[in-house]
Structures are given as C-alpha cells and as structure tokens.
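Here's the structure we're looking at; comments come further down.
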Amino acid sequence: MDTTDSVVIVGAGPSGLATAAELTARGVPAVVLERGPQIGAAWAGRYDGLRFNTSRRSSALPGAPFPREFGQFPTRDQYVSYLRRYAAERGVTVETGVEATRIRPAVNGDWTISTVAQGDRAADGERRARHVVTATGAFARPRLPAWADERSFTGAILHSSRYRGPAPFESKTVVVVGAGSSGMEIAYQLASGGAGRVLLSVRTPPNILFREINGVPGDLPVPLFLRLPPGFVDRLMFAMQRRVVGDLSAYGLPAPTTGAMTNLKVDGPGPAVVDPVVIDAIRSGAIECVPAVVGLDGDSVIVADGRRIRADVVVLATGYTTGLEDLVGGLGVLTERGMPLERTGAEVLPGLRFVGYVARPGITGYVGKIAKRVAREIAGQRAREAIGAIA
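Note that this note's numbering has the sequence shown beginning at 20, numbered continuously upward.
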C-alpha cells in the first residue's frame with residue numbers, strides 16, 4: 020500500500036491538469052494519473068482534421084490563452100501541444116501509462132485508488148489519498164448500439180474513436196451512424212476524400228449551428244444564452260437555424276423537435292456544429308441522409324423505413340459514456356446515466372470530487388474555473404486539518 024500526502028487526480032485532460040495546476044500553485048502536492056501514453060491522450064487519439072467547435076477566446080484555460088497563430092478554432096494537434104505546455108509551465112506531475120481501475124473508501128477518511136501500470140507491472144498496486152479528483156471526462160468510453168454486432172455483418176464496423184481519415188475508405192460505401200458534430204464532419208471528410216458513396220444515418224434530428232457566420236464565431240452569444248430561460252433560447256436557435264441553415268427535410272434531415280439548450284439541461288445531444296460545406300454536401304447529394312439504423316444483415320445495413328442498404332463500412336459516431344461505473348460504481352455517486360451526481364466540483368462524498376462532466380460549449384474554459392474553486396476548497400480543508408492536528 021502506497022500512502023501519499025498528495026491529492027490524486029485521475030485523468031490528464033484539461034480538467035485534471037487545471038485542477039493539478041491550481042493545487043500546485045497553492046502549495047498542495049498533486050499527482051495526475053493518466054492511462055494513456057501522453058498528456059491529452061484522449062484528444063490525441065481523435066480523428067485528423069478535428070477542430071474546436073468553439074472559438075479560442077472562449078475555450079482556453081484561465082490564465083493560459085491560446086496563441087494567436089492557432090487561428091479562430093484550434094486543431095486537435097494544437098490543443099494537445101497546448102495542454103502539454105500548460106502542464107510543463109505549471110510544474111504539474113503526471114504519471115502516464117497508469118490506469119486507475121477502482122476508487123474505494125479507506126480507513127481514517129482516506130481513499131484507496133487501485134492502479135494498473137502499462138508495461139511496468141511492478142508499478143501496479145494501490146495509492147492512498149485524503150482527496151481524489153476524478154477528471155476522466157464524459158467521453159471516456161465509446162457507446163455502441165445494441166445492433167452493432169460484427170458477426171452479423173460482412174463489412175467493417177468501427178467507432179468514430181478509431182476513425183482517423185478518409186484514405187482507407189476510397190471507393191467504398193460507408194454508412195456513418197449519428198448526426199452530431201463528429202458524424203456530420205466525418206461524413207463530409209469521406210464524401211470529399213474519395214469514398215464511393217456516403218450515407219448519414221439520422222435517429223435524432225440535430226440542432227445545427229455553423230462554426231462561423233460571416234467571420235463571427237458561432238459561439239459568441241453562448242455566455243448570454245446560458246443566463247436566459249432555456250425555452251426562450253430554444254426558440255431563438257430554432258429561428259436561427261431556419262434562417263441560416265435552412266429547411267433540410269427534403270434531404271432526409273428534418274427539423275429538430277427538442278431545442279439545443281433543453282438538451283444541454285438533460286444531458287441530451289448537443290448541437291451539431293459544422294461548416295457550411297457540410298450542409299452543401301447534403302444538399303448536393305454527396306452525403307445521403309437516411310433514417311436510423313436498426314440492424315445489420317450480411318452485406319447490408321437495415322434502416323428504420325425497412326430499406327436494406329449494401330455497405331462496406333459502418334462508422335459509429337454514436338457518442339461516448341463516462342465509464343465511471345467501473346471506477347466508482349457502488350458508491351452511490353452516479354446517476355442512472357452514469358454521470359456524477361455532483362458536477363460542480365463540490366464533494367460528492369468527503370474527499371471525493373468530479374471535475375469536467377458538464378455539458379456546455381467552451382467546456383475547457385469552464386472547467387478551469389471549477390478547478391480554481393476545487394483547489395481553493397481542498398487547500399482550505401488541508402489547512403484546517405493541519406491546525407486541528409497541532410491543537
């Protein structure tokens with residue numbers, strides 16, 4: 020058993036790094052455990068060409084603006100380099116290749132963190148800490164539909180987490196399942212990158228926002244929207260979509276039935292933030308929109324209207340889950356959807372916190388603010404405990 024005075028933080032994404040940096044700045048030792056081979060591993064593994072949906076001014080960690088040369092919307096690789104530099108400049112201690120597999124209460128109010136170290140089994144074991152911050156994020160584990168059984172399909176099936184670019188799919192018929200930001204962008208990459216036929220399967224009609232409108236970032240009014248009643252914002256965004264994006268029902272993409280802000284409040288699907296060229300590809304037929312996929316059979320995909328569509332590849336842009344059930348299941352700290360009961364950084368149990376599980380635009384900047392409060396509260400608790408020990 021390794022007993023440490025450090026705060027243990029699980030996950031070296033923006034939430035974990037920001038929390039560690041704020042603790043370090045307050046003189047509180049902290050160590051970040053990252054199961055991947057590098058800082059920001061989750062982002063580094065996303066597809067080529069990925070860019071932020073929100074502008075750099077609203078998406079940076081506090082006190083660490085993005086360089087101007089990153090442009091309006093940072094890319095995947097720029098963001099990973101940004102996180103690495105952020106951690107290095109703030110002296111954050113990160114142990115990569117170390118996966119936290121279980122968090123459990125220990126004696127005297129401490130927590131026990133079971134770990135597995137990749138490639139170094141001697142480092143397997145347990146850590147003990149008074150404070151644990153879980154920051155693995157809401158996109159930790161690919162969500163797979165029940166029908167996605169490779170045994171019933173002669174083609175290839177891959178989740179969007181394994182998609183990198185269109186080159187391997189040249190001349191192939193590809194069905195992309197999911198009309199969120201990633202699904203629509205991947206469909207466009209495939210259609211413009213040499214795929215023979217691209218179909219986009221739509222189960223829930225998305226709220227569509229353009230990343231940029233006449234040179235102005237589409238997320239500019241978001242801070243105001245978050246302060247207004249959700250129903251009012253929904254109606255405003257419906258009107259904006261009709262005016263800016265237009266009616267796409269003739270192309271198999273009907274208008275959404277639930278507003279973007281209402282979805283955010285109930286952990287529903289976020290808006291699909293895309294560039295106008297994606298919508299142009301739908302209008303031109305380069306991307307064919309079809310109903311939800313309900314099954315696979317041989318070389319065909321079966322959609323909700325009964326059609327059978329022959330396909331070579333199915334790309335599942337069906338989202339992610341937190342995967343927190345394995346880590347903290349049984350502690351009574353999760354909702355039925357696997358999200359933390361407390362997502363503002365406050366203690367959900369004494370010494371246990373979650374940071375980075377909020378659904379909102381510009382999440383990097385927002386979790387940075389939560390990290391400040393978390394670090395301030397932990398530092399205060401430690402100071403009071405130290406005074407009590409002396410007394």
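Note that CB positions come from ideal geometry on N, CA and C, so glycine has one too. What you are looking at is a predicted structure, and each value in this text was computed from that prediction instead of being measured.
- In terms of Cα proximity to residue 380, the closest of 76, 36, 160, 60 is 76.
- When DSSP states are grouped into helix, strand and coil, residue 314 belongs to the strand group.
- Taking C-beta atoms as the reference points, residue 50 and residue 27 count as a pair closer than 9 Å.
- Shown here for residue 125: same chain residues with a beta carbon closer than 8 Å to its own, the five before and five after excluded, namely 131, 147 in chain order.
- Beta bridge pairing from DSSP links residue 133 with 121, 145.
- Its chain contains 263 as the residues whose beta carbon lies nearer than 8 Å to that of residue 232, once the 5 sequence neighbours on both sides are disregarded; these appear in chain order.
- Note on residue 316: under 16 other CB atoms within 10 angstroms of its CB, so exposed under the neighbour-count rule.
- The beta strand (DSSP E) runs of length 3 or more contained entirely in the region 31-85 are, from start to end of the chain, 49-53.
- For residue 115, the uninterrupted beta strand (DSSP E) segment begins and ends at 112-115.
- Per DSSP, reduced to three states, the secondary structure at residue 335 is strand.
- The residue among 377, 293, 349 with its C-alpha nearest the C-alpha of residue 340 is 377.
- Just measuring C-alpha positions, the residue of 200, 269, 288 sitting nearest residue 302 is 269.
- Bridge partners of residue 359 according to DSSP: 353.
- Residue burial is scored here from C-beta neighbours: residue 200 has at least 16 other C-beta atoms within 10 angstroms and is therefore classed as buried.
- DSSP places residue 281 in the helix class (H, G or I) of the three-state scheme.
- In the DSSP annotation of this structure, residue 95 is not part of any beta strand (DSSP E); the continuous alpha helix (DSSP H) holding it starts and ends at 95-108.
- Approximately 22 Å separates the beta-carbon atoms of residue 299 and residue 279; this is outside 8 Å, ruling out the contact.
- Leaving aside the five residues that flank residue 190 on each side, the residues in its chain whose CB is nearer than 8 Å to its CB run, in chain order, 213, 214, 215.
- Here residue 85 is actually not in contact with residue 105; their C-beta atoms are around 10 Å apart, not less than 8 Å.
- Going by DSSP, residue 372 is part of the beta strand (DSSP E) stretching over 371-373.
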